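One structure is given here, and the rest of the page talks about it.
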Amino acid sequence: MSSTKTIGVIGGGQLGQMMAISAIYMGHKVITLDPASDCPSSRVSEVIAAPYDDVDALRQLADRCDVLTYEFENVDADGLDAVIKDGQLPQGTELLRISQNRIFEKDFLSNKAQVTVAPYKVVTSSLDLEDIDLSKNYVLKTATGGYDGHGQKVITSAEDLEEANALANSAECVLEEFVNFDLEISVIVSGNGKDVTVFPVQENIHRNNILSKTIVPARISDRLADRAKAIAVKIAEQLNLSGTLCVEMFATADDIIVNEIAPRPHNSGHYSIEACDFSQFDTHILGILGAPLPAINLHEPAVMLNILGQHVEAAERYVTENPSAHLHMYGKLEAKHNRKMGHVTLFSNEPDNVVEFGKGIDF
Ligand code: AMP
Numbered sequence: 007m008s009s010t011k012t013i014g015v016i017g018g019g020q021l022g023q024m025m026a027i028s029a030i031y032m033g034h035k036v037i038t039l040d041p042a043s044d045c046p047s048s049r050v051s052e053v054i055a056a057p058y059d060d061v062d063a064l065r066q067l068a069d070r071c072d073v074l075t076y077e078f079e080n081v082d083a084d085g086l087d088a089v090i091k092d093g094q095l096p097q098g099t100e101l102l103r104i105s106q107n108r109i110f111e112k113d114f115l116s117n118k119a120q121v122t123v124a125p126y127k128v129v130t131s132s133l134d135l136e137d138i139d140l141s142k143n144y145v146l147k148t149a150t151g152g153y154d155g156h157g158q159k160v161i162t163s164a165e166d167l168e169e170a171n172a173l174a175n176s177a178e179c180v181l182e183e184f185v186n187f188d189l190e191i192s193v194i195v196s197g198n199g200k201d202v203t204v205f206p207v208q209e210n211i212h213r214n215n216i217l218s219k220t221i222v223p224a225r226i227s228d229r230l231a232d233r234a235k236a237i238a239v240k241i242a243e244q245l246n247l248s249g250t251l252c253v254e255m256f257a258t259a260d261d262i263i264v265n266e267i268a269p270r271p272h273n274s275g276h277y278s279i280e281a282c283d284f285s286q287f288d289t290h291i292l293g294i295l296g297a298p299l300p301a302i303n304l305h306e307p308a309v310m311l312n313i314l315g316q317h318v319e320a321a322e323r324y325v326t327e328n329p330s331a332h333l334h335m336y337g338k339l340e341a342k343h344n345r346k347m348g349h350v351t352l353f354s355n356e357p358d359n360v361v362e363f364g365k366g367i368d369f
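Structure, rendered in structure tokens:
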């Protein structure tokens with residue numbers, strides 16, 4: 007059997023593009039399914055331009071590829087089930103279904119993986135909000151379709167509850183207790199169906215619910231960092247994970263609480279391209295191919311800054327003045343406001359001195 011594979015990637019954005027780059031330098035070929043023929047992956051792979059729910063296009067991809075993967079979780083799991091051959095999607099569709107629906111996700115995390123999540127309840131209408139204790143704060147989140155803070159309502163008062171009632175009557179939701187966290191962190195873990203490998207703990211700073219800066223290693227105690235990594239490994243083992251998964255968590259003074267999982271490489275893991283000996287994309291490709299996984303070493307403390315549409319010029323100036331910063335641009339044609347256009351990774355022991363693009367100007 008040839009060790010060179012054809013890998014089909016559903017989604018040709020920056021995550022698909024960086025997966026493809028890793029796959030290519032390992033000698034594999036990549037075919038991407040994306041609605042846009044000029045998507046970021048088109049620079050590095052052949053593209054089948056079709057909607058994600060086009061079953062004929064999915065079948066064409068499956069027929070032409072040895073292994074399939076995806077760069078985002080809102081892939082049509084039923085459509086995939088209809089076309090994939092046995093073992094062709096090592097990540098499986100079950101993980102997709104879990105991460106597409108917060109109700110399944112919470113149930114999996116708390117009951118199957120048995121990790122700590124914020125106390126929650128399923129809300130099917132505003133009736134389920136009638137008896138909540140307003141001496142506590144909450145976040146109501148729609149079960150499906152939410153991203154980057156969309157489909158969410160923080161409840162701290164009776165007025166908030168009125169808006170939350172409307173949200174609860176429009177869609178199935180999960181009501182979570184508000185966590186007074188010190189830091190938001192995440193851990194990347196990759197599996198090959200048997201073993202797992204885990205990355206350092208990342209500290210994440212969001213602006214307007216969009217990741218702005220990642221600091222590695224996260225500024226938490228060794229004890230909490232070990233706990234966060236152990237939680238990520240426990241979740242990965244429970245899933246018999248293949249490929250890369252990101253576990254997003256809250257760090258409080260003495261505890262780690264899991265927020266959500268993303269069954270793919272994640273923006274908070276981009277630093278690993280330069281700062282680790284293997285990147286989250288390398289281990290994703292190795293993992294889905296069932297290859298042995300390396301232990302991960304962080305070369306030096308690092309900071310990653312996202313470049314949104316409104317930051318492109320600032321980022322270009324920045325790398326001219328800081329040539330040791332690693333610039334990544336994804337090749338998106340239009341620099342829309344808040345669109346992720348690229349990122350920069352640099353090595354620094356003084357993360358507070360690494361200023362986010364547009365800070366105080368254009369968030
Ligand atoms: P999510 O869509 O679940 O990632 O939530 C988006 C952001 O909302 C998170 O990055 C947190 O900053 C905040 N958030 C979500 N859930 C909670 C919670 N239970 N307590 C406090 N903040 C939260």
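Taken in order, the sequence shown gives residues 7 to 369; the numbers are from my numbering.
Glycine residues also receive a C-beta, built at the ideal position from the N, C-alpha and C atoms.
On a predicted model such as this, the values are computed, not experimentally measured, just so you know.
Non-local beta-carbon contacts of Arg65 in its own chain, meaning distances under 7 Å to residues more than five positions away in sequence, involve Val89 in chain order.
Under the DSSP assignment, Arg213 falls in the beta strand (DSSP E) whose first and last residues are Gln208 to Arg213.
If you draw a straight line from the Cα of Val160 to the Cα of Asp166, it is about 7 Å long. Ranking Gly197, Pro206, Ser227 and Ser278 by CA distance to the CA of Pro96 puts Gly197 first. Contact annotation: Pro271 and Leu86 have beta-carbon atoms that are not nearer than 8 Å. Look at Lys147: its beta carbon is less than 7 Å from one of the heavy atoms in the ligand AMP. Minimum Cα-Cα distance from Val53 among the listed residues Gln23, Val81 and Ala29 corresponds to Gln23. Within the DSSP bridge table, the entry for Asn198 names Ser248 as partners.
In this structure, Leu39 is the residue among Gln286, Ile138, Leu39 and Ser176 with its C-alpha nearest to the C-alpha of Ala55. Val207 sits away from Pro307, with the two beta carbons spaced by 8 Å or more.
If you look at Lys112, you'll find it isn't in any beta strand (DSSP E); it sits in the alpha helix (DSSP H) that goes Arg108 to Asp113. For Leu333, the CB contacts under 6 Å within the same chain, skipping 5 residues up- and downstream, are Val325 and Val350 in chain order.
Of all alpha-carbon atoms in Ile262, Ile104, Val128 and Val204, the one lying nearest the alpha-carbon of Leu299 is that of Val204.
In the three-state DSSP reduction, Asn273 falls in the helix class (H, G or I). Within the same chain, Cβ atoms closer than 7 Å to the Cβ of Glu111 are found at Ile104, Ser105, Glu266 and Ile267, the five residues on either side in sequence being excluded.
Secondary structure note for Val123: it is in no alpha helix (DSSP H), with a DSSP letter that is neither H nor E.
The Cβ atoms of Thr75 and Met25 lie closer than 8 Å to each other.
With a 10 Å radius around the Cβ and a threshold of 16 neighbouring Cβ atoms, Leu339 comes out exposed. Distances taken from the Cβ of Gly348 to the heavy atoms of the ligand AMP include none shorter than 7 Å. No heavy atom of the ligand AMP is found nearer than 7 Å to the CB of Val361. Looking from the CA of Gly18, the closest CA among Val36, Ala297 and Asn328 belongs to Val36.
A residue is called buried once 16 or more other Cβ atoms fall within 10 Å of its Cβ, and Gln286 is buried on that count. Contact between Ser218 and Asn312 holds: their C-beta atoms lie close to 6 Å from each other, under 8 Å. If you look at Thr351, you'll find it isn't in any alpha helix (DSSP H); it sits in the beta strand (DSSP E) that goes Lys346 to Phe353.
For His343, the number of other beta carbons within 10 angstroms of its own is below 16, and it is reported as exposed.
In this structure, Val202 lies away from Val193, with their beta-carbon atoms at least 8 Å apart. Contact check between the region 137-146 and the region 169-180: three or more CB pairs, one atom from each, fall below 8 Å, which counts as touching. Counting of Cβ neighbours within 10 angstroms places Asn210 among the buried residues, the total reaching 16 or more. In the DSSP assignment, Asp260 is bridged to no other residue. In this chain, Asn312 is not harboured by any alpha helix (DSSP H); it is covered by the beta strand (DSSP E) spanning Ala308 to Leu314. Ranked by Cα distance from Asp72, the first of Leu295, Val361 and Phe353 is Leu295.
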